[in-house]
Each structure stands twice: as structure tokens, then as C-alpha cells.
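So the protein sequences, as listed, match chains A and L.
Letter by letter, the first sequence follows residues 0 to 155 of numbering that gives the first Met the number 0.
Letter by letter, the second sequence follows residues 0 to 708 of numbering that gives the first Met the number 0.
Yeah, the Cβ is synthetic: ideal placement off N, Cα and C, and Gly gets one too.
Read the structure below first, then the notes.
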Amino acid sequence: MPERFSFRVNGVATEVVASPDTPLLYVLRGDLGLKGSRFGCGSGQCGACFVLLDNHAVTSCDTPLWSVAGKSLTTVEGLAKNGEQHPLQRAFIEEQAAQCGYCTSGILIAAAALLQSNPAPTEVEVRAALDRNLCRCGSHNRVVRAVMRAAAEAAS
Amino acid sequence: MNTVADARLRRPGSLEKNPRLSRWLWVNRDGTISIFSGKVEIGQGILTALAQIAAEELGVALERIHMVPADTSRSPDEGVTSGSLSIQDSGTALRQACAQALALLLARAATRMGASIADLRVVDGTVHAGHRSTSFWECSDEGLLDCDVDMESPLKGPRDYHVVGQPAPRRDLPDKVFGRPRFLQDMVLPGMLYGRVVRPEHGFAKLVSVEGSKVESMPGFVAIVRDGDFLGVLAEREATAVAAQRVLRSTAVWQKAEPLPRDIHLWLKEHAVDHRVISEKSDAGAKRRAAKTLEASYTKPYISHASIGPSCALAFFEAGKLTVWSHSQGIFNLRADLSKALRMPADAIVVRHAEGSGCYGHNGADDVALDAALLARAAGGRPVQLQWMRDDEFGWAPCGPAMALTLRAALDAEGNITDWQHELWSNGHSSRPGRSDHPALLAAWHIADPFSRPSAVNMPLPAGAADRNAIPLYEFPNQRVVNHYVREMPVRTSALRSLGAYANVFAIESFMDELAAAAQMDPIAFRLRHLKDPRGRAVIESAARRADWNGWKSEEGRGHGLAFAKYKNLGAYCAVVAEVRIDHEVRVARLVVAVDVGLVINPDGVINQIEGGAIQSTSWTLKEQVRLGSHGIASLNWEDYPILKFSEVPSVEVELIDRPDLPAVGAGEAAQGPVAAAIANAVAHALGVRVRKLPLTHERIVAAMDQAT
Numbered sequence: 000m001p002e003r004f005s006f007r008v009n010g011v012a013t014e015v016v017a018s019p020d021t022p023l024l025y026v027l028r029g030d031l032g033l034k035g036s037r038f039g040c041g042s043g044q045c046g047a048c049f050v051l052l053d054n055h056a057v058t059s060c061d062t063p064l065w066s067v068a069g070k071s072l073t074t075v076e077g078l079a080k081n082g083e084q085h086p087l088q089r090a091f092i093e094e095q096a097a098q099c100g101y102c103t104s105g106i107l108i109a110a111a112a113l114l115q116s117n118p119a120p121t122e123v124e125v126r127a128a129l130d131r132n133l134c135r136c137g138s139h140n141r142v143v144r145a146v147m148r149a150a151a152e153a154a155s
Numbered sequence: 000m001n002t003v004a005d006a007r008l009r010r011p012g013s014l015e016k017n018p019r020l021s022r023w024l025w026v027n028r029d030g031t032i033s034i035f036s037g038k039v040e041i042g043q044g045i046l047t048a049l050a051q052i053a054a055e056e057l058g059v060a061l062e063r064i065h066m067v068p069a070d071t072s073r074s075p076d077e078g079v080t081s082g083s084l085s086i087q088d089s090g091t092a093l094r095q096a097c098a099q100a101l102a103l104l105l106a107r108a109a110t111r112m113g114a115s116i117a118d119l120r121v122v123d124g125t126v127h128a129g130h131r132s133t134s135f136w137e138c139s140d141e142g143l144l145d146c147d148v149d150m151e152s153p154l155k156g157p158r159d160y161h162v163v164g165q166p167a168p169r170r171d172l173p174d175k176v177f178g179r180p181r182f183l184q185d186m187v188l189p190g191m192l193y194g195r196v197v198r199p200e201h202g203f204a205k206l207v208s209v210e211g212s213k214v215e216s217m218p219g220f221v222a223i224v225r226d227g228d229f230l231g232v233l234a235e236r237e238a239t240a241v242a243a244q245r246v247l248r249s250t251a252v253w254q255k256a257e258p259l260p261r262d263i264h265l266w267l268k269e270h271a272v273d274h275r276v277i278s279e280k281s282d283a284g285a286k287r288r289a290a291k292t293l294e295a296s297y298t299k300p301y302i303s304h305a306s307i308g309p310s311c312a313l314a315f316f317e318a319g320k321l322t323v324w325s326h327s328q329g330i331f332n333l334r335a336d337l338s339k340a341l342r343m344p345a346d347a348i349v350v351r352h353a354e355g356s357g358c359y360g361h362n363g364a365d366d367v368a369l370d371a372a373l374l375a376r377a378a379g380g381r382p383v384q385l386q387w388m389r390d391d392e393f394g395w396a397p398c399g400p401a402m403a404l405t406l407r408a409a410l411d412a413e414g415n416i417t418d419w420q421h422e423l424w425s426n427g428h429s430s431r432p433g434r435s436d437h438p439a440l441l442a443a444w445h446i447a448d449p450f451s452r453p454s455a456v457n458m459p460l461p462a463g464a465a466d467r468n469a470i471p472l473y474e475f476p477n478q479r480v481v482n483h484y485v486r487e488m489p490v491r492t493s494a495l496r497s498l499g500a501y502a503n504v505f506a507i508e509s510f511m512d513e514l515a516a517a518a519q520m521d522p523i524a525f526r527l528r529h530l531k532d533p534r535g536r537a538v539i540e541s542a543a544r545r546a547d548w549n550g551w552k553s554e555e556g557r558g559h560g561l562a563f564a565k566y567k568n569l570g571a572y573c574a575v576v577a578e579v580r581i582d583h584e585v586r587v588a589r590l591v592v593a594v595d596v597g598l599v600i601n602p603d604g605v606i607n608q609i610e611g612g613a614i615q616s617t618s619w620t621l622k623e624q625v626r627l628g629s630h631g632i633a634s635l636n637w638e639d640y641p642i643l644k645f646s647e648v649p650s651v652e653v654e655l656i657d658r659p660d661l662p663a664v665g666a667g668e669a670a671q672g673p674v675a676a677a678i679a680n681a682v683a684h685a686l687g688v689r690v691r692k693l694p695l696t697h698e699r700i701v702a703a704m705d706q707a708t
């Protein structure tokens, strides 16, 4: 039966009423209208639905709503702060690092989590960090270049 | 190449079918230009390239061009966005249409200002004559472009291009990078319900019974929709629809499908019903010189489209009319098949294109549109959005067909190929909508008054389908190529990126290396000896140079290989050098791709397509095969159907050979076949053992080594 849950999304205190086992992804996309996190597999295998939960990338498609009560989430919509684009977003456009773009939000979240814990990753580290994200169009190398560019920009 | 004289006899590209100028563009009062193309964005960046063509011919800034998403109620019918043909079909048409629009605008501007056309100076849509000025935006009205394209307007020469030939950023990218709603999956209409279709994990013959009580009590449950063996569920919330689908699937009673063949390649060879010789050459003198003969058989498994986002559609019945939003590659054909399946007139249906996840061929996009329409028909006038689940997509979308191939050739004492034979066995490579009397949409075969399922067919040569690229571009005195068509389909098949070219080029180019080894020649020198086409030779030489082929240093467990093809024997030339390292598995370290697409519209767009195609083909070649269970597809998630991961992706270097005076052709599918064969040749070079069955997994390599010893 539906219950009330409180948590923070992109810095905003949020309340929703839904069944405790509702996957977080549907709460974000449905109740909150945040469409940037996307459904890919429903079982945490592809990364299209990644969100940041306390600075870790988690798959929102198999994260139940009850488990995020009282926590702080960031979705792709929250990467840009105060009207300023996230360095990763600028770099993805610079490098034209996508084809269809369906996996892009999840990759941006995984990359943001990486840069928080490791601001100057090597290429090998970037690839390893993105191994939980699947891309079917073959944009991988552009994505890796974009993440390296964002890291370099943040360091300069 | 079309000459100018040919072009004036017949309207080029899609103009033949859509000659009305106003069908292609509108010049708006607000300083923008709306371009209507019937081709659709499927992640390949085509709308950006078409916008470049329009801006170039009209002489306006790229930012002024607004690409209107395709829509059956207003766009030109350009068939299907497939076959790497959008630049030829739509680009050629738009170029001519925009040239004529420019001429009409200039004539009107000259009249308004009382000047002669020769005295006009135009800067980004503003027209000056002495001290007077006007603009395209002031000169345009509804009547101006209401005429047929007459082919009289002169086209800009490639030497005068400023926009075409320059890299242009993708127009759709900012939305995708900032997480804005952009995909069909993100669309919300007022009062919209969420639907899910209920099909079992594996194939089924019949829905015997379904019990709804377990889902009817779910909060937000709306309805179970059953039409014969078609079953779906509607809910207020998406999570409820998903939960209800899972319950219904597991509690419904399904009658199992017929069992599937155990060895699909053997089965294909036993079930061919049509045997067509598609190329034959004979020279008895050359045949007598044969000193050595070789034979080899190759296989390719079923391959899944495996887009990251499962297919989605939104359908809405209102006053007897149906509107469907779809990411189909062919919205007009989809409308035709929806009309048949729903038994309602086509003019009561509008299909609008909206972007979906990346599309590499005929996936579930069309099927899910009928699923959504069937649910919307039962939704009491509320719109319904329906996305397939991951296992719906893996289990029910058409697959790229499995293929078996046997090649034979003879060499003379000097190492020349004197005889070449290529046989292939395959189902058809297209079961797209709009091409048969019966709808090619999955649910149409399950509803209460069902339609029979059409078999996949092959489009004719020269483009071909199963036999695409089966006729070698090399010149051999004796040659026989046979296409064995299998009609019966144990697994539903249809078009997947490059169709038969992937397997045919894999086989031909693998076999060329086997023959080069038998002739004790370098594989590149051996190819060039048999290839006259100068553009083909140029890409091979260019790839070899960039990869420093002759500077290769041998090392245990490493190898390099080259392969080449001209896509469809009509399109882009592409040569690939692959460098591999083999430990437990094959790791592709580097791909060097040289490509010639004629005139390059958007260099970064071409490079992105070639890189993407090369990486996807590496994934197919190293990892991918649809696994068949006893009654249906058994690889239903990413663990059972792994694709290449970030840490496994090779570096890809693309060398573009720009030929501004030659017609522009598509780039999207050119790399698929050559990449596969280049990797296979590199593996053989590293191991001294040939693996002829795709994918080139650890198990396959071990099996090939066992067989060799």
C-alpha cells in the first residue's frame, strides 16, 4: 500500500506517496517528472538509469523507494548548478560524445561519481569506471575523451 | 555517376515521388526555414547533415534551419530510413528543392525592389539592391513555393560550399546531455495511461487462460486487455503496469511453441527452397590453369539489435481517429500496416516520428506501435504510452538472420585466383511493414481474428539483402555465386545494419587471406593483384599506410589483418586494419579504417558513424549470438547477451578520403563487414589457426585449435 517518503532530489526536499517497493526510476520519471534517467533493463545491468546517491552511482531501476528515504539524490538534471553547466556536459558537447544519446545520462552520472572520487583519472581508470554503462551506438571513445577533457578542465 | 543530362530527365532522390516544392520547405516570417524530410533521426545524426545541405543551397546560416520531425500528415513519403540512403534520397531532393526555392525568392525580391536579379546581393537571407533591401522572410508567402520542382534551377558547385563539408555539431545533443525530455519514452500527454504487453519469455503458440484477480487489486490498476492471444495491461502509474505485467506473465497459461532446430546452420542448409545463381562468369582456359583448390565454410549466428532503450510507442484514439507517436524507420509503411491490423482506413491514422534509442535496423519499434494502439483502443479515449521491457525486446523483436556460407576457389601456379565460388544459405533479411498484404506487426498474428505471419524476403540486387556484397569486387575469370533462400523461419528475422553484407564480407575477406596464405603472398599485395577499382585500391593502400602495415613487428599472441568492401558494391568504400592481442579472449587493440563516401557532407558525422559501426561490429564479431532455447530465444538480458564494454573497446582511427566531385553516399553500414573480417584475419595471423564461426569467442578459438592439431 502507498506510503509517504521524504528525500532530497537535486538539492530540493521532496515528498512522494507510493508503494515502498516502487523502483526509484518510476518515481523520478513519473511522480517527479524528471525524465533524464532512463529505463534500459530494469535489473541494474546497463546503467541508463544511474543516479547519484550520496555520491555513488546507483541503478535507480532496481533501487526500491523505501531505501532512499531521508537520503540525497542527484539526477542528470541536477548536474548543472546555478545555471552553470557541469564540466562533463560541456565536454560531451565539445567532443560530440554521443550518437542516439539514450545511455548518455547514465554515463554522465557514472563519470561524475568517478571525478568526485578521482579528479584526475587515467584513461584506463575512466574505462573501468564506465564498464557498468552499456552503449550500443559505439560512442565509447568519444565519451572517454570527453571525460578526460572535463577532468583536465576542472584541474586547470 | 549521374550526368547533368540524366538528372534533368528524371527527378532525383525522393523528388520523383514527392515533386511538390512546398512539401519540402517553408520560408517563415520569423526568419527561419522549416525543412520537411521524410527521413528520421535514429541516432545517426542525419537531420544535422540534411540541415547542412539545405542551409548551403539556400545560402543561409545553419541556425535558421528548423528540421521538422517526419509526420504522415505533412512530410514527404520517403519510405524507410535504411540502407544508408538518406543522403542520396533526401539530401539530393532537398538540394534541388532549396535551389529552386532560392531562385523563386530572388525573383520575388528583384520584383519588389524593381531591380534585376543580377544586381542582387544576398547575405543570410537579406537581399540588397543598391541602397534598398528586403529579405526572404518578407518575400515569402503561401503561394510562392506552391509548385512542382522543375529541375531547372542551377545547383551550387562543391567548390563554393561553406557549410557542407564542415563539421557541424549534432542538433539533438544538448537536450540529451542536459537530461531534457527528448525521447518518445519521455513524452507525457494529459490523462495518459501506461501500458505493458504481456508475452511469455519464450515463444508461444497460444494463450490458454489468464487469471486477473492478482493484479486487479493493485493500486492504480485500470484494465486487462485481451484480444485473442494478445494480452496487455493498463495502469495509471508505470510501475503498476510493470508489476502487473510480471504477475500476468507468470500466472497466464501459455501453450508452447514448436521446438527450435538444434543446429541452425545445418538446418538452413537442409531447408533452402530457392536456389538463385546471382553471378556467373566462365573462362575454360583459366580454369585449366588451376593448380590448387581450397574450400571453407563460415557461419554467422542470429544477432540482436540490442538497443539500450527498449522500443516504445504512444497511441491515442480520438473521435475515430488514431494518432501514433513512433520511432519507426518507416512511418508511412507503419501506418499502412496499422491500418490492416486494426482494420481501419489509413487516412484515419496519423503516425508521427519521435526519437527513440539508437536504431540499427528493423527492431521492435513497429511492433510496439500496434501493441500501444490495441491498448489505446480499450482505454476509453485516453492516450497510452507503452514501452517494451528488456526481455520483450530481446525475445520478440526480429533478429538479424543466421547465415551459413561455403566458399571454394582455385589458384594457378603464380598465385592468381582462377575460379571463385560462393554459396550462402539464409532466411530473408526484411520483414518490414508495408511490403505484404498481411501486416508485419507481431500482435497482428495474435489477435482474435489473426493475420498470417509473412516470411522475410530479400530485396533484389544490385543492393540485395541476404546476398548483399556476395558478389566480390575482385576480378576473377571464373565465378559463381549462389543465394539459397530459406523461407521457413524458426526465428523471426529482418533487417539489421548491413544485412547480408556482414557475413558475406566476413567470408570473402577471410577466404582471401586463406588464399593469400596458400599462394604464399602478403594479403594486401594479393588483394591488389585481383582488384582494379581505383577507389577500392586507394582505401586499402590508405588503411595500410596509416596502420604502418609493412612496419609490423611480430610478437607472441599479437596479429594484424586487413579487409575491404564497397558497401552493397554501390556505396562507400571501406578498408580496415585490425590489430589484436590474444590472451584468454581476443582483444582488439586498434582499428584503422579508411573510408571513401564521395562528397563528405559532415566530416565529424561520417567519422562518428564509422567509429560507431566499427565498434558495434567488433562487439558482434567477438561476443554476440542470440541463444536459442528449446522453444524460443533464451538470451533475454545483458548477461546472456553480452556486448562490448568500455574497457574492451579498441582505439578507432578513421581516415576520410574526400571526393567533392563524386556523389555523396551513406556511411552508416560501410564498416560492418570489413571490421569482422579484419579481426578474423588478425586472429588467424596471431594464432596460425583460422576461426570460421562467428563470434570469435574463447570457446570457438579453442575448438578451432583442437581441430587444427
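*asked:* According to DSSP, simplified to helix, strand and coil, what is Leu49 of chain L?
replied: In the second sequence, residue 49 of chain L corresponds to position 50, counting from 1. Correct three-state label for Leu49 of chain L: helix.
*Find the residues of chain L that neighbour Ala79 of chain A, judging by a C-beta separation of less than 7 Å, and give them in chain order.*
Within the first sequence, the letter at position 80 stands for residue 79 of chain A. Here the neighbours are Phe177.
*Could you please give the first and the last residue of the uninterrupted alpha helix (DSSP H) stretch that includes Arg407 of chain L?*
Residue numbering aside, residue 407 of chain L sits at position 408 when the second sequence is read from its first letter. Here Arg407 of chain L belongs to no alpha helix (DSSP H); instead the beta strand (DSSP E) covers 402-410.
*Do you know offhand how far Thr91 of chain L's Cα is from Asp226 of chain L's?*
For the purposes of this step, residue 91 of chain L is taken as residue 92 along the second sequence, with counting starting at 1. For the purposes of this step, residue 226 of chain L is taken as residue 227 along the second sequence, with counting starting at 1. Cα to Cα, Thr91 of chain L sits roughly 45 Å from Asp226 of chain L.
_Using a Cβ distance threshold of 8 Å, determine whether the stretch 416-428 of chain L contacts the stretch 334-351 of chain L, with at least three qualifying pairs required._
no
_Span separating the alpha-carbon of Phe35 of chain L from that of Met66 of chain L_ = Indexing the second sequence from 1 puts residue 35 of chain L at position 36. Indexing the second sequence from 1 puts residue 66 of chain L at position 67. Roughly 6 Å separates the two Cα atoms.
*Going by DSSP, which residues form a beta bridge with Phe6 of chain A?*
As a working mapping, residue 6 of chain A is identified with position 7 in the first sequence. A:Thr13.
*asked:* Please report the straight-line C-alpha distance between Ala679 of chain L and Gly570 of chain L, rounded to a whole angstrom.
replied: On the second sequence, residue 679 of chain L is found 680 positions in, with the first residue counted as 1. On the second sequence, residue 570 of chain L is found 571 positions in, with the first residue counted as 1. Each residue's Cα considered, the two are about 23 Å apart.
*asked:* Just to confirm before moving on: does the CB-CB distance between Val481 of chain L and Arg691 of chain L stay below 8 Å?
replied: For the purposes of this step, residue 481 of chain L is taken as residue 482 along the second sequence, with counting starting at 1. For the purposes of this step, residue 691 of chain L is taken as residue 692 along the second sequence, with counting starting at 1. No, they are not a contact pair.
*Residue nearest to Thr239 of chain L in terms of C-alpha spacing, selected from A:Ala12, A:Gly10, A:Phe4, A:Asp30*: Residue 239 of chain L sits at position 240 when you count from the first residue of the second sequence. Ranking the options by Cα distance to Thr239 of chain L, first place goes to A:Asp30.
*Is there a Cβ from chain A that is less than 8 Å from the Cβ of Ser646 of chain L?*
Here residue 646 of chain L is taken as the residue at index 647 of the second sequence, counted from 1. It does; some Cβ of chain A falls within 8 Å.
*Once you ignore the five residues that flank Glu487 of chain L on each side, which residues in its own chain have a CB closer than 7 Å to its CB?*
For the purposes of this step, residue 487 of chain L is taken as residue 488 along the second sequence, with counting starting at 1. Closer than 7 Å at Cβ, skipping near neighbours: His270.
*Counting along the chain, where does the beta strand (DSSP E) carrying Glu654 of chain L start and finish?*
Indexing the second sequence from 1 puts residue 654 of chain L at position 655. Segment 650-655, the beta strand (DSSP E) holding Glu654 of chain L.
*In the stretch 85-155 of chain A, which residue ranges form an unbroken alpha helix (DSSP H) of at least 4 residues, counting only runs that do not cross its ends?*
86-93, 103-116, 122-128, 139-154
*Neighbour list for Asn636 of chain L in chain A, Cβ cutoff strictly below 8 Å*: To locate residue 636 of chain L, count along the second sequence from 1; it is residue 637. Under the 8 Å cutoff, chain A gives Cys40, Ser42, Gln44.
*asked:* For a contact defined as C-beta to C-beta under 9 Å, what are the partners of Lys70 of chain A on chain L?
replied: Along the first sequence, read from residue 1 onward, the residue named residue 70 of chain A stands at position 71. Result: empty, since nearest Cβ-Cβ is about 19 Å, beyond 9 Å.
*Examine chain A for any beta-carbon lying closer than 8 Å to the beta-carbon of Pro673 of chain L, and answer yes or no.*
Along the second sequence, one-based indexing puts residue 673 of chain L at 674. It does not; no Cβ of chain A falls within 8 Å.
*In the stretch 180-202 of chain L, which residues sit with their C-beta less than 7 Å from some C-beta in chain A, listed in chain order?*
Pro180, Phe182, Gln184, Asp185
*State yes or no: is the beta carbon of Cys136 of chain A nearer than 8 Å to at least one beta carbon in chain L?*
Looking up residue 136 of chain A in the first sequence gives position 137. At least one chain L Cβ lies under 8 Å of Cys136 of chain A.
*asked:* Does chain L have any CB closer than 8 Å to the CB of Phe91 of chain A?
replied: Sequence index remark: in the first sequence, residue 91 of chain A carries index 92 (1-based). Cβ-Cβ to chain L under 8 Å: yes for Phe91 of chain A.
*Go through its chain and collect everything with a Cβ distance to Gln98 of chain A's Cβ below 6 Å, but skip five positions before and after it.*
For the purposes of this step, residue 98 of chain A is taken as residue 99 along the first sequence, with counting starting at 1. Answer for Gln98 of chain A: Cys136, Ser138, listed in chain order.
*Quick one: is Cys60 of chain A buried, meaning 16 or more other Cβ sit within 10 Å of its Cβ, or exposed?*
Taking the first residue of the first sequence as 1, we reach residue 60 of chain A at position 61. So Cys60 of chain A ends up on the buried side.
*Contact the stretch 10-22 of chain L vs the stretch 82-102 of chain L: 3+ CB pairs below 8 Å*: yes
*For Ile277 of chain L, which residues of its own chain have a beta-carbon under 8 Å away from its beta-carbon, when the five flanking residues on both sides are left out?*
Stepping through the second sequence from its first residue, residue 277 of chain L is reached at position 278. Closer than 8 Å at the Cβ level, and outside the excluded window around Ile277 of chain L, lie Leu460, Gly463, Asp466, Ala469, Ile470, Val480, Val481, Asn482.
*Exposed or buried, what is Glu77 of chain L when buried is set at 16 or more other beta-carbons lying within 10 Å of its beta-carbon?*
On the second sequence, residue 77 of chain L is found 78 positions in, with the first residue counted as 1. By the 10 Å Cβ count, Glu77 of chain L comes out buried.
*Under a three-way DSSP split, which group does Val39 of chain L fall into?*
In the second sequence, residue 39 of chain L corresponds to position 40, counting from 1. Here Val39 of chain L sits in coil by DSSP.
*Step through the CB atoms of chain L and report whether any lies within less than 8 Å of the CB of Gly29 of chain A.*
Indexing the first sequence from 1 puts residue 29 of chain A at position 30. Cβ-Cβ to chain L under 8 Å: yes for Gly29 of chain A.
*Do the stretch 554-570 of chain L and the stretch 580-596 of chain L touch if we need at least three Cβ pairs shorter than 8 Å?*
yes
*Contact set between Ala127 of chain A and chain L, taken where Cβ atoms lie within less than 9 Å*: Counting from one through the first sequence, the residue named residue 127 of chain A turns up at place 128. Near Ala127 of chain A (Cβ distances below 9 Å), the residues of chain L are Phe645, Ser646.
_Tell me the DSSP secondary structure of Asn1 of chain L in three-state form._
Counted from its first residue, the second sequence places residue 1 of chain L at position 2. Any reading at Asn1 of chain L must be qualified, since the residue scores a pLDDT of 37, below 50, and its modelled position is unreliable; the value itself is stated next. Coil.
*asked:* So Leu206 of chain L and Leu188 of chain L are supposed to be a Cβ contact under 8 Å. How far apart are they, rounded?
replied: Taking the first residue of the second sequence as 1, we reach residue 206 of chain L at position 207. Taking the first residue of the second sequence as 1, we reach residue 188 of chain L at position 189. The Cβ separation is near 30 Å, so there is no contact.
*Output, in chain order, the set of chain L residues within a Cβ distance shorter than 9 Å of Glu76 of chain A.*
On the first sequence, residue 76 of chain A is found 77 positions in, with the first residue counted as 1. Simply Phe177, Gly178, Arg179.
_Along the chain, where does the beta strand (DSSP E) containing Gly231 of chain L start, and where does it finish?_
Position 232 of the second sequence, counted from the first residue, corresponds to residue 231 of chain L. Counting along the chain, the beta strand (DSSP E) containing Gly231 of chain L begins and ends at 229-234.
_DSSP three-state label for Phe316 of chain L, please._
Sequence index remark: in the second sequence, residue 316 of chain L carries index 317 (1-based). Residue state, collapsed to three classes: strand.
_Pairwise C-alpha distance: Asn415 of chain L and Phe525 of chain L_ = Mapped onto the second sequence, residue 525 of chain L falls at position 526. Mapped onto the second sequence, residue 415 of chain L falls at position 416. Between Phe525 of chain L and Asn415 of chain L, the C-alpha separation is close to 8 Å.
*Roughly how many angstroms separate the alpha carbons of Leu333 of chain L and Pro438 of chain L, rounded to a whole number?*
Residue mapping note: residue 333 of chain L aligns to position 334 of the second sequence, counting from 1. Residue mapping note: residue 438 of chain L aligns to position 439 of the second sequence, counting from 1. Near 9 Å, if we compare the C-alpha coordinates of Pro438 of chain L and Leu333 of chain L.
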